[in-house]
Amino acid sequence: MLHKRVDRRGALGMLLGGAVAGAQALGACAPLSAETDEEREVKLLAWREYIKGNYRFMTEAERAETIARLERLAELQRGVEVTIQSTGAQPGVLFGYAFNISKCKGFRRCVEACINENNLDRNADTQYIRIFEIEDGVVDLDKADATFQHEVPAEGHFYLGTQCFQCADPPCVKVCPVGATWQEPDGITVIDYDWCIGCRYCMAACPYWARRFNWAEPEVPPEEVNPNQHYLGNRARMKGRVEKCTFCIHRTRQGRLPACAEACPTGARVFGNLLDPDSEIRWVLANKRVFRLKEDLKTEPRFWYFSD
Amino acid sequence: MTSLRLDAAAWCLAAAWIASGCHAPDTKKATDLPRNVAGMPIDSATAARNATLEPGALATVQAVPVELWKGPGDRTFEVALRSAAPEAGHSRMFGTITLPIALRSRTAAISQYPCTSCHLGRKVVMANKRISDAHNNIQPVHPAQTGAVCSTCHSADDVQLLTLKSGERATLDESYRLCAQCHFPEAKAWAGGAHGKRLDGWQGRRVVMACADCHDPHKPAVQVRIPFRAPQIERPRGHYP
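From first to last, the protein sequence lines are chains X and E. Counting from 48, one number per residue, gives the positions in the first sequence under this note's numbering. Counting from 2, one number per residue, gives the positions in the second sequence under this note's numbering.
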């Protein structure tokens, strides 16, 4: 063990991991200990999780280990069987999104699908997507209403949805003091929830209010947990961490549409590969009049709006 | 004024007819139908799989290639068969819930299908004034605007088929061939991907819905409904987005 090169974190993990295991062995001997085997396992797994590294710098083996631990923890702590992927970006793929403001009718079916697909906190009612109701002819989003609750589509109004735009030059990534958020090769900005310290700088930096903070431990009823998860996407989040839309990374990296695009009953959402000249998204960009929000900030969102 | 409008509508139809004649390289006879709705069986396993799609798996929607239109980059694409398989492309699973993904439910919309249960193979003389007798659920918009009658779209010989201006016939799943005769900008956007709805995946097979999967041809306006709940946490107005 000693002739192997270990970094500070690794050494700490080995030493204290050994201590935990030792304490467990002692506990096993003591007849008065009220701790069950499962509780001990949870403690050990939680400790190993605590001292693990940043996902970006993990080896494949380390990733497999942490995923196995997280899956076991989900089973022990929440009683749900989940599958956590670590699927990487497909080569030659850069995701882009287009939103048809003439088609959207404000039904918010995308929001409903998003909540269930991404295991969003039911207690605080976290929502990644916001649909704005805007009067015809108005271009100022300050005069929009995102809290409408009446029969839609309302006469003389149009609807515009926002979510994380997966900017090409994301200000949220620049300000993160610990490197817990970064842009993947396919353009998705992701968060390592275990590395996030909850400083919320990224939330202040985002000009689109796309990030959400977990003020309390997120709650999802075990029977409603989506078992199809991704390490950088919809796996269980913790209190004090920031989360956001990842274009449904667990679906889109497998060639499927994001939940919002698939659920949209009016076909207002177009999703695809920007690097494929024959994709639908490229057709929209080439043939429709498109715009983006706050273009002057030069964040270069990969999310365009267009109309018929 | 009314006669002027009717005149304009007639010109529009004529223009559409010319357009469809010019643009359609398809010179099939009315007799050799490409596909028959009734001849498209759907097994219950496929229907069930489409209704609740397993995570990570792309749907195997029953679809047929679109012949007259090409997608971006001259790629071919397919149109979902929904009258043969009303369940296909109707709902999908998000997390643990199943949501309908289409604007209208074809299953409910084609409650009087098959048409032959009443129209027993005889040549039907369809007059607009008789609509209320049997099809009182129909709120005709097209007839009022364009002077079209039932047989403008529906084949009088076989009511389960649509009739095109060229004399060709199309199945109910090929509504795009009928609608595109007048709505050509929409058809162009539909083939390109800006209009309509692609099913299941951004990669691989491109399967899209046909016109009548979202638009009720007899009642084209989008019906109002109560939206999903508004966000609890929201920025104050004036600080958007």
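Even glycine gets a Cβ: it sits at the ideal position worked out from N, Cα and C.
Name the DSSP beta bridge partners of residue i, please?
{"i": "Y206/X", "result": "E180/X"}
{"i": "Y352/X", "result": "F146/X and F338/X"}
{"i": "F260/X", "result": "V289/X"}
{"i": "D192/X", "result": "E180/X"}
{"i": "A153/X", "result": "It is worth fixing the name first, because residue 153/X is Gly in this sequence and not Ala. None, per the DSSP bridge assignment."}
{"i": "T172/E", "result": "L162/E"}
{"i": "T130/X", "result": "N275/X"}
{"i": "G202/E", "result": "R303/X"}
{"i": "V406/X", "result": "An answer regarding residue 406/X cannot be provided, because it is not within the stretch 48 to 355 covered by chain X."}
{"i": "S92/E", "result": "P101/E"}
{"i": "V199/X", "result": "R226/E"}
Taking DSSP as the reference, what is the three-state secondary structure of residue i?
{"i": "T299/X", "result": "helix"}
{"i": "N37/E", "result": "For N37/E, the predicted model reports a pLDDT of 31, less than 50, meaning its position is unreliable and no value from the coordinates is stated."}
{"i": "V237/X", "result": "strand"}
{"i": "T153/E", "result": "helix"}
{"i": "D75/E", "result": "helix"}
{"i": "L104/E", "result": "coil"}
{"i": "R329/X", "result": "helix"}
{"i": "D217/E", "result": "strand"}
{"i": "T97/E", "result": "coil"}
{"i": "V208/E", "result": "strand"}
{"i": "Q276/X", "result": "strand"}
{"i": "L59/X", "result": "helix"}
{"i": "N170/X", "result": "coil"}
{"i": "I244/X", "result": "coil"}
{"i": "N320/X", "result": "strand"}
{"i": "V158/X", "result": "helix"}
{"i": "R116/X", "result": "helix"}
{"i": "A121/X", "result": "helix"}
{"i": "T147/E", "result": "helix"}
{"i": "Y177/E", "result": "helix"}
{"i": "E395/X", "result": "Residue 395/X lies beyond the stretch modelled for chain X, which goes from 48 to 355, so this question has no answer here."}
{"i": "C211/X", "result": "coil"}
{"i": "E266/X", "result": "coil"}
{"i": "E384/X", "result": "Any property of residue 384/X remains undetermined from this structure, which presents chain X solely from 48 to 355."}
Thinking just about the alpha-carbon of each residue, which of the options is nearest to the one in residue i?
{"i": "G357/X", "options": "V209/E, M210/E, F78/E and Q204/E", "result": "There is simply no residue 357/X to check, as chain X begins at 48 and stops at 355 in what is shown."}
{"i": "P274/X", "options": "A149/E, I98/E and K166/E", "result": "I98/E"}
{"i": "K286/X", "options": "F353/X, A263/X and V89/X", "result": "A263/X"}
{"i": "I328/X", "options": "G239/E, G72/E, V62/E and V65/E", "result": "G72/E"}
{"i": "C407/X", "options": "R247/X, V331/X, K99/X and A306/X", "result": "Residue 407/X falls outside the range modelled here, since chain X spans only 48 to 355, and no answer is possible."}
{"i": "D217/E", "options": "F78/E, L173/E and S92/E", "result": "L173/E"}
{"i": "L167/X", "options": "T83/X, K335/X, Q276/X and L141/X", "result": "Q276/X"}
{"i": "C211/X", "options": "M61/X, C246/X and Q174/X", "result": "Q174/X"}
{"i": "Y278/X", "options": "L91/X, Q213/X and A121/X", "result": "A121/X"}
{"i": "V80/E", "options": "P232/E, P221/E and D201/E", "result": "D201/E"}
{"i": "A111/X", "options": "T209/X, I131/X and A93/X", "result": "I131/X"}
{"i": "F294/X", "options": "L322/X, V237/X and R284/X", "result": "V237/X"}
{"i": "G203/X", "options": "E85/X, A191/X, T209/X and Q213/X", "result": "A191/X"}
{"i": "K289/X", "options": "G302/X, L304/X, N170/X and W242/X", "result": "Correcting the residue type first, residue 289/X is Val in the shown sequence and not Lys. Taking only the C-alpha atoms, the option nearest V289/X is W242/X."}
{"i": "G194/E", "options": "G314/X, P268/X and E182/X", "result": "G314/X"}
{"i": "H155/E", "options": "Y241/E, V225/E and H219/E", "result": "H219/E"}
{"i": "G139/X", "options": "A333/X, L321/X and K335/X", "result": "L321/X"}
{"i": "I234/E", "options": "L344/X, V127/X, W94/X and W256/X", "result": "W256/X"}
{"i": "A283/X", "options": "C253/X, G100/X and V267/X", "result": "V267/X"}
{"i": "Q137/X", "options": "Q301/X, L340/X, V317/X and K221/X", "result": "Q301/X"}
{"i": "A310/X", "options": "S92/E, P66/E, E68/E and G168/E", "result": "S92/E"}
Could you give the residue range of the beta strand (DSSP E) that holds residue i?
{"i": "W191/E", "result": "No beta strand (DSSP E) contains W191/E, which is instead part of the alpha helix (DSSP H) from F185 to G193."}
{"i": "A64/E", "result": "A64 to P66"}
{"i": "R230/E", "result": "It is not in any beta strand (DSSP E) - R230/E carries neither H nor E in the DSSP assignment."}
{"i": "W229/X", "result": "T228 to Q230"}
Specify, as a first and last residue, the run of the alpha helix (DSSP H) that residue i falls within.
{"i": "A81/E", "result": "Unbroken run through A81/E is the beta strand (DSSP E), E79 to A81; no alpha helix (DSSP H)."}
{"i": "V222/X", "result": "P218 to V222"}
{"i": "Y357/X", "result": "Within the shown structure, residues of chain X are numbered from 48 to 355, placing residue 357/X beyond reach of any answer."}
{"i": "C307/X", "result": "A306 to A310"}
Problem - Completely contained alpha helix (DSSP H) runs for the region 83-114 of chain X, where each covers 4 or more residues - result: Runs of the alpha helix (DSSP H) inside the region 83-114 of chain X: 84-97.
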